[in-house]
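>
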Amino acid sequence: MRPQVRAVARGLRPVRRTVRRLRHEQPLTLIGWHRIDDRHTDGLSTTEAGFERHLDLLEERGARVLPLMEAVERLALGSLPSRAVALTFDDGYASVVETAWPMLRKRDMPATLFVCSEYLPGTARFDWDTRESIHERHRLATAQQVADAHAEGLDIGSHTRTHPWLPALDDRALERELVESREVIGDLLRAPVRSLAYPTGGWDRRVRAAAARAGYTAAVTVSKGTNRRRTHPLSLHRAFVPEETDDLDLLLDGAYGFLRPVDAVRRPREVS
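Structure, rendered in structure tokens:
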């Protein structure tokens, strides 16, 4: 985060903490990453050391890390524990199953990885990755890696077929992106796929309705802030974690929620 934005969040943190104490329900914080590697200047990568610090902070803050679907169900019931958090990863990079997932397993922390069904062979690269020299960090997990990680406990959700900007699609193309990806991933895992991450956070009411028809019961955006019982389960708020642990600390208090209006006018970009 920019220093000016971080300063505003720090100023708002006492207010957010007070509001949280006064409310009679526990919020749910969703946080996300893309890939774990040796580079953190491109907006998608988090270093392994940085990710380790993030996990340390979660434990230091007493975060109750829950499986995503359990967290969403308990949110609706009003039965969340204090400091409830769910962890997510978008795009299906190999570094998640090879590096991040073993680190999480050592701490007994559940997580969800959202994958694009058309990229499951693991040989293709996303457009934003092919615009620079091919690097190990661009490698995507293969279908076998995804299935093996799922067997070990990693939750798998859909990130559509091909990672398009969903609001721009016609109804038929939208349905195909949502339905086929869910079916392909479900067949791979031999388990129902219930969660979705909108590529680049692109959604509107039409997209959300299509996600419901496709059979999803939870979907995450990139709109910052915590989630409460009134939050629609198919447009859940989530923030990606910057490298700096100070930013994660502020995210856990919902201090970056003031950026939600900016997130609401998000437009398609070259990266997820």
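First residue of the sequence shown? That's 17 in my numbering, and the numbers climb one at a time after it.
Beta carbons are placed, not taken as given, at the ideal position from N, Cα and C, and that holds for glycine.
1) CB-CB under 6 angstroms to A159, same chain, minus the five flanking residues each way: which ones, in chain order?
2) Once you ignore the five residues that flank H70 on each side, which residues in its own chain have a CB closer than 7 angstroms to its CB?
3) P97: which of H248, C132, E196, A79 sits nearest, CA to CA?
4) Find out if the Cβ-Cβ distance for the pair L233, L252 is shorter than 8 angstroms.
5) Using the beta-carbon count (16 or more within 10 Å), is T242 buried or exposed?
6) With 16 as the cutoff for other CB atoms within 10 Å, does S133 come out buried or exposed?
7) Excluding five sequence neighbours on each side, which residues of the same chain lie with their C-beta closer than 6 angstroms to the C-beta of P126?
8) Leaving aside the five residues before and after R77 along the sequence, list all residues of the same chain whose C-beta is less than 8 angstroms from its C-beta, in chain order.
9) Do R198 and G169 count as a contact pair if the criterion is CB distance below 8 angstroms?
10) What residue range is occupied by the uninterrupted beta strand (DSSP E) comprising S48?
11) Exposed or buried, what is P215 when buried is set at 16 or more other beta-carbons lying within 10 Å of its beta-carbon?
12) Nearest-angstrom Cα distance between R221 and A157?
13) What is the DSSP secondary structure of S174, counted as helix, strand or coil?
14) Can you check whether the CB of H175 is closer than 8 angstroms to the CB of G108?
15) Suppose the cutoff is 8 angstroms on Cβ atoms and the five residues either side in sequence are ignored; what does the same chain contact list for G202 look like?
16) Quick one: what's got a C-beta closer than 6 angstroms to F130's C-beta in the same chain, skipping five residues either side?
17) Along the chain, where does the beta strand (DSSP E) that runs through S322 open and close?
18) Please report the distance separating the alpha-carbon of K122 from that of D187.
19) Can you tell me which of the three DSSP states Y135 falls into?
20) Mind checking S95: buried by the 16 CB within 10 Å criterion, or exposed?
21) So is P118 buried or exposed if we call it buried at 16+ other beta carbons inside 10 Å?
22) Give, in chain order, every unbroken run of the alpha helix (DSSP H) that is at least 4 residues long and sits entirely within the stretch 179-231.
23) Consult DSSP for A140 and reduce its assignment to one of helix, strand or coil.
24) At the level of alpha carbons, what is the spacing between L190 and T104?
25) Could you please give the first and the last residue of the uninterrupted alpha helix (DSSP H) stretch that includes A235?
26) Does the distance from the CB of R245 to the CB of E41 come in under 8 angstroms?
27) State the Cα-Cα distance for the pair L182 and L46, rounded to the nearest angstrom.
28) For V112, which residues of its own chain have a beta-carbon under 6 angstroms away from its beta-carbon, when the five flanking residues on both sides are left out?
29) Could you tell me whether the Cβ atoms of P249 and A92 are closer together than 8 angstroms?
Quick answer:
1) Walking along the sequence shown from the start, residue 159 turns up at place 143. The residues are L136, L204.
2) Stepping through the sequence shown from its first residue, residue 70 is reached at position 54. Closer than 7 angstroms at Cβ, skipping near neighbours: V257, T261, L264.
3) As a working mapping, residue 97 is identified with position 81 in the sequence shown. Checking every option, the nearest Cα to that of P97 belongs to A79.
4) Taking the sequence shown and counting its residues from 1, the one referred to as residue 233 is at position 217. Taking the sequence shown and counting its residues from 1, the one referred to as residue 252 is at position 236. Correcting the residue type first, residue 233 is Thr in the shown sequence and not Leu. No; because the gap between Cβ atoms is not below 8 angstroms, this pair is not in contact.
5) As a working note, residue 242 is residue 226 in the sequence shown. Classification for T242: buried.
6) Taking the sequence shown and counting its residues from 1, the one referred to as residue 133 is at position 117. So S133 ends up on the buried side.
7) By one-based count along the sequence shown, residue 126 stands at place 110. Hits under 6 angstroms: P83.
8) Here residue 77 is taken as the residue at index 61 of the sequence shown, counted from 1. R99, D265, L268.
9) For the purposes of this step, residue 169 is taken as the residue at position 153 of the sequence shown. For the purposes of this step, residue 198 is taken as the residue at position 182 of the sequence shown. It is not a contact, given that the beta carbons lie outside the stated cut-off.
10) Taking the sequence shown and counting its residues from 1, the one referred to as residue 48 is at position 32. As written in the sequence, residue 48 is Gly, which differs from the Ser given in the question. Counting along the chain, the beta strand (DSSP E) containing G48 begins and ends at 44-49.
11) As a position in the sequence shown, residue 215 is number 199, starting the count at 1. By the neighbour-count rule (16 or more Cβ atoms within 10 Å), P215 is buried.
12) Stepping through the sequence shown from its first residue, residue 221 is reached at position 205. Stepping through the sequence shown from its first residue, residue 157 is reached at position 141. Going by the C-alpha atoms only, they are around 31 angstroms apart.
13) By 1-based counting over the sequence shown, the position of residue 174 is 158. Strand at S174.
14) For the purposes of this step, residue 108 is taken as residue 92 along the sequence shown, with counting starting at 1. For the purposes of this step, residue 175 is taken as residue 159 along the sequence shown, with counting starting at 1. Cβ distance < 8 angstroms, so G108 and H175 count as in contact.
15) Translated into the one-based positions of the sequence shown, residue 202 becomes position 186. So the qualifying residues of the chain are P208, V209.
16) On the sequence shown, residue 130 is found 114 positions in, with the first residue counted as 1. Closer than 6 angstroms at the Cβ level, and outside the excluded window around F130, lie D106, G173, H175, A213.
17) Because the chain spans 17 through 288 in this model, residue 322 falls outside it and cannot be assessed.
18) Along the sequence shown, one-based indexing puts residue 122 at 106. Along the sequence shown, one-based indexing puts residue 187 at 171. Answer to the nearest angstrom: the Cα atoms are 43 angstroms apart.
19) Numbered from 1 along the sequence shown, position 119 holds the residue referred to as residue 135. In this structure, Y135 counts as helix in the three-state DSSP scheme.
20) Looking up residue 95 in the sequence shown gives position 79. Burial call: exposed.
21) As a position in the sequence shown, residue 118 is number 102, starting the count at 1. Exposed, because fewer than 16 other Cβ atoms sit within 10 Å of the Cβ of P118.
22) 187-205, 221-230
23) Here residue 140 corresponds to residue number 124 of the sequence shown, with the count starting at 1. Three-state DSSP puts A140 in coil, outside helix and strand.
24) Against the sequence shown, residue 190 aligns to sequence position 174. Against the sequence shown, residue 104 aligns to sequence position 88. Approximately 23 angstroms between the Cα atoms of the pair.
25) Within the sequence shown, numbered from 1, the residue matching residue 235 stands at position 219. Run containing A235: none in the alpha helix (DSSP H); it sits in the beta strand (DSSP E), 234-236.
26) The residue labelled residue 245 in the question sits at position 229 within the sequence shown. The residue labelled residue 41 in the question sits at position 25 within the sequence shown. Yes; because the gap between Cβ atoms is below 8 angstroms, this pair is in contact.
27) In the sequence shown, the residue the question calls residue 182 occupies position 166. In the sequence shown, the residue the question calls residue 46 occupies position 30. Each residue's Cα considered, the two are about 21 angstroms apart.
28) Numbered from its first residue, the sequence shown carries residue 112 at position 96. The residues are F105, L129.
29) Within the sequence shown, residue 249 is the residue found at index 233, counting from 1. Within the sequence shown, residue 92 is the residue found at index 76, counting from 1. Yes, they are a contact pair.
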